[in-house]
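Colleague: Just so you know, the protein sequences line up as chains B and P, in that order.
When we follow the numbering used here, the leftmost residue of the first sequence carries the number 16, and every step to the right adds one.
When we follow the numbering used here, the leftmost residue of the second sequence carries the number 3, and every step to the right adds one.
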Amino acid sequence: MTTRGFFGRRPSDDIAQRLPPGQYETKDFPVLAKGPTPHVALARWRFTVNDGPRPLASWSWPEFEALPQTVWRRDIHCVTKWSKLDTTWRGVTIDDLLQAADITPPSAYLLAQSHDDYDTNLPVADLLNGQAMIATRFAGAPIAAEHGGPARLLVPHLYFWKSAKWIRGLRFTARDEAGFWEQRGYHMYGDPWREQRYTNDP
Amino acid sequence: MTLDAPFAAQTRWQVAVIDRIISRTPRVISVFLRVSLGPKVAGQHVDVRLTAPDGYQAERSYSIASAPGTEGIELAIERLEDGEVSAYFHEVARPGDTIEVRGPIGGHFIWRAEDGGPILLIAGGSGIVPLVAIVRDWSAAEPKTPVLLAYSARTWEELVFRDELLNTQAHQSNFIFIVTTTRGPRHRPEDFDRRLDQSLLREVLARWGRTARDVYVCGSNVFVEAVTAGLVLEGVSPGRVRTERFGGKN
């Protein structure tokens, strides 16, 4: 359905092919969160991997910083329609994290859990084989609190609400349990290329 | 997994007819749409989609200003500098034109009568839009619940829905409406002319004399960061504070 009098600003072809449907490019870095920004002191920061209620492994900040570090440049896509291209992150891939603790995933799903009681669900397969990291640096500097620092999940191939800010751990779950936004109208998987924004999107 | 309404968004794109467009402030218009959406809750938004002749499409989200019971929906749209979709609404759109919308969407930044109160609403600039929907719904459904609305704008002229909110205050004894203007003089003795920082929040909360059950803060990210940091320092539980933000980090 053509909108009378609307011509818009079609991006250049090289940008357009990197933008999923309904997205526009921003050079800014918008901030979205369900509530106030938590300020997490590094001295009391811990990252824990749980199988349900049972802890499998845990790291303090210095221990986490000693894990193998990986740098990525990726495009990120927020469900609120903005995309930001060529963002650079440093952190620990989920592959390296699990290997360091000698963990074989005990189930096919997990919840990423945050310091502000936020959580979001993901298939474990989407975090492995170089697809996700716990990021601690953005553009070469510590991640600002508003953007999820000290540490956030980075799963760039899914809408960015899946990349939980202020992450404190991963909890393997027997089933695919809906997280915070997934219980409030947003899609269980969230593939931007299939425009899976809301619950009933195909 | 399918969730019950209202949290399951109505995701089908629908044709909406622009019924009327009115000026709210020098930079904000209200666009009234004729469209039949599913059940609505105050605070929700819709997605809007525009299509160019060559097939190019632009999508944006806009908060719904009208109360849930209203027929059709009202969107209040600020003219953004360099805005692609807001420029269309401000310069091109006219009654009778059609656009596509889907929604209502959102199960977090919402208020329903059964949520009760007291309710603390804090708006910066065009962040008033989802909050005016809450005020309108509250006024119709639950006016015994105490509400404080603190609204910060650059000037008195830029307060969207100003006269309506003043009128609500005149007729609803449980509604406290406090304005602060950051680039212009205050107009009423009870208002302020400085930023809504921790000290001003303390003053405002003391005047209200209530403890909010739920707090809703909407505005630019810079505004929301400053307000929520102040609220938390004033002892408000972060878990009671819902935010909706636009724009980035300075």
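The C-beta atom is built at its ideal place from N, Cα and C for all residues, glycine as well.
Should P/L203 and P/F194 be called a contact, given that it needs their Cβ atoms to be closer than 8 Å?
Modeller: Going by C-beta atoms, P/L203 is not nearer than 8 Å to P/F194.
Colleague: For B/P36, which residues does DSSP report across the bridge?
Modeller: Answer by DSSP bridge pairing: none, since B/P36 is not bridged.
Colleague: For P/D21, which residues of its own chain have a beta-carbon under 8 Å away from its beta-carbon, when the five flanking residues on both sides are left out?
Modeller: The residues are F34, L35, R36, G74, P97.
Colleague: With three or more beta-carbon pairs closer than 8 Å as the criterion, would you say the segment 207-214 of chain P touches the segment 112-130 of chain P?
Modeller: At 8 Å Cβ cutoff, the stretches touch.
Colleague: Would you say the segment 23-43 of chain B touches the segment 76-87 of chain B, given that touching needs at least three Cβ pairs under 8 Å?
Modeller: In short, these stretches do not touch, since the Cβ pair count stays below three.
Colleague: Leaving out five residues on either side along the sequence, give the residues of the same chain with a beta carbon under 7 Å from the beta carbon of P/L5.
Modeller: Because P/L5 carries a pLDDT of 46, less than 50, the predicted location of this residue cannot be relied on, and the following value inherits that uncertainty. Result list for P/L5: empty, nothing under 7 Å.
Colleague: Does the beta carbon of B/W104 come closer than 8 Å to any beta carbon on chain P?
Modeller: Not an interface residue.
Colleague: Are the CB atoms of P/L1 and B/F21 nearer to each other than 8 Å?
Modeller: Nothing can be reported for residue 1 of chain P, as the shown portion of chain P is limited to 3 through 252.
Colleague: Is B/D134 near B/G194, with beta carbons less than 8 Å apart?
Modeller: Their beta carbons are under 8 Å apart, which means B/D134 touches B/G194 by this criterion.
Colleague: Within 8 Å of any Cβ in chain B, is that where the Cβ of P/V94 sits?
Modeller: Yes, P/V94 counts as interfacial toward chain B.
Colleague: Got a sec? Which residues, its chain only, sit under 6 Å from B/P207 by beta carbon, not counting five neighbours each side?
Modeller: Excluding sequence neighbours, B/P207 sits near P35, H92, Y174.
Colleague: From what residue to what residue does the alpha helix (DSSP H) around P/H232 run?
Modeller: Note that residue 232 of chain P corresponds to Gly in the displayed sequence, not to His. 223-235 is the extent of the alpha helix (DSSP H) around P/G232.
Colleague: Quick one: what's got a C-beta closer than 6 Å to P/F225's C-beta in the same chain, skipping five residues either side?
Modeller: Closer than 6 Å at Cβ, skipping near neighbours: G126.
Colleague: If you measure beta-carbon to beta-carbon, which residues of the segment 51-83 of chain P are closer than 8 Å to chain B?
Modeller: Hits within the stretch, in order: R51, L52, T53, A54, P55, D56, Y58, Q59, A60, E61, R62, S63.
Colleague: Residues in its own chain within less than 8 Å of B/D111 by CB, not counting five upstream and five downstream?
Modeller: Excluding sequence neighbours, B/D111 sits near L82, P83, T85.
Colleague: Using only the alpha-carbon positions, how far apart do B/N215 and P/Y64 sit?
Modeller: So the two alpha carbons sit approximately 20 Å from each other.
Colleague: Use the C-beta contact count for P/R247: other C-beta atoms within 10 angstroms, 16 or more gives buried, fewer gives exposed.
Modeller: By the 10 Å Cβ count, P/R247 comes out buried.
Colleague: Which residues in chain P sit within 8 Å of B/P51, going by Cβ to Cβ distance?
Modeller: Simply T230, A231, L233, V234, P240, V243, T245.
Colleague: Using three-state DSSP, classify P/P70 as helix, strand or coil.
Modeller: Coil.
Colleague: Look up B/H172 in the DSSP assignment and say whether it is helix, strand or coil.
Modeller: In the structure shown, B/H172 sits in coil (DSSP, three-state: anything other than H, G, I, E or B).
Colleague: With a cut-off of 8 Å, does the C-beta of P/T157 fall near any C-beta of chain B?
Modeller: So, not an interface residue.
Colleague: Output, in chain order, the set of chain P residues within a Cβ distance shorter than 8 Å of B/T95.
Modeller: What B/T95 touches in chain P: S63.
Colleague: By DSSP's criteria, B/K42 is part of a beta bridge. Which residues make up the other side?
Modeller: DSSP, once it has assigned bridges, lists no residue as partnering B/K42.
Colleague: In the DSSP assignment, find the unbroken beta strand (DSSP E) run with P/Q16 in it and report its ends.
Modeller: Segment 16-27, the beta strand (DSSP E) holding P/Q16.
Colleague: How would you list, in chain order, the residues of chain B whose beta-carbon sits under 7 Å from the beta-carbon of P/D99?
Modeller: Those within 7 Å of P/D99 in chain B are R19.
Colleague: So, under 8 Å CB-CB, B/G37 and P/Q59 are touching, yes? Tell me the CB distance rounded to an integer number of Å.
Modeller: Yes, B/G37 and P/Q59 are in contact; Cβ-Cβ is about 7 Å, under 8 Å.
Colleague: Taking B/F175 as the query, report the chain P residues whose CB atoms sit under 7 Å from its CB, ordered along the chain.
Modeller: Within chain P, no residue comes near B/F175; the closest Cβ sits about 13 Å away, beyond 7 Å.
Colleague: Would you please verify whether the beta carbon of B/N215 is less than 8 Å from any beta carbon of chain P?
Modeller: Closer than 8 Å: yes.
Colleague: Would you kindly check if the distance between the Cβ of B/A156 and the Cβ of B/R167 is under 8 Å?
Modeller: No, Cβ-Cβ distance for B/R167 and B/A156 is not below 8 Å.
Colleague: So what does DSSP say about P/S239, is it helix, strand or coil?
Modeller: Three-state result, P/S239: coil.
Colleague: Report yes or no: is there a C-beta of chain P within less than 8 Å of the C-beta of B/N47?
Modeller: Note that residue 47 of chain B corresponds to Leu in the displayed sequence, not to Asn. Interface residue, yes.
Colleague: Quick check: is the beta carbon of P/Y90 nearer than 8 Å to any beta carbon in chain A?
Modeller: Looking for chain A here will not work: the only protein chains present are B and P.
Colleague: Give a yes or no on whether the C-beta atoms belonging to B/G13 and B/K177 are separated by under 8 Å.
Modeller: The structure shown does not extend to residue 13 of chain B, since chain B spans only 16 to 217, so no value can be given for it.
Colleague: For a cutoff of 8 Å on Cβ pairs, would you count P/E102 as touching chain B?
Modeller: Closer than 8 Å to some Cβ of chain B, the Cβ of P/E102 qualifies, so yes.
Colleague: Measure the CB-CB distance between P/A89 and P/A78 and report whether it falls below 8 Å.
Modeller: Not a contact, by the Cβ cut-off of 8 Å.
Colleague: First and last residue of the alpha helix (DSSP H) that includes P/N169?
Modeller: Where P/N169 is concerned, the enclosing alpha helix (DSSP H) stretches over 164-173.
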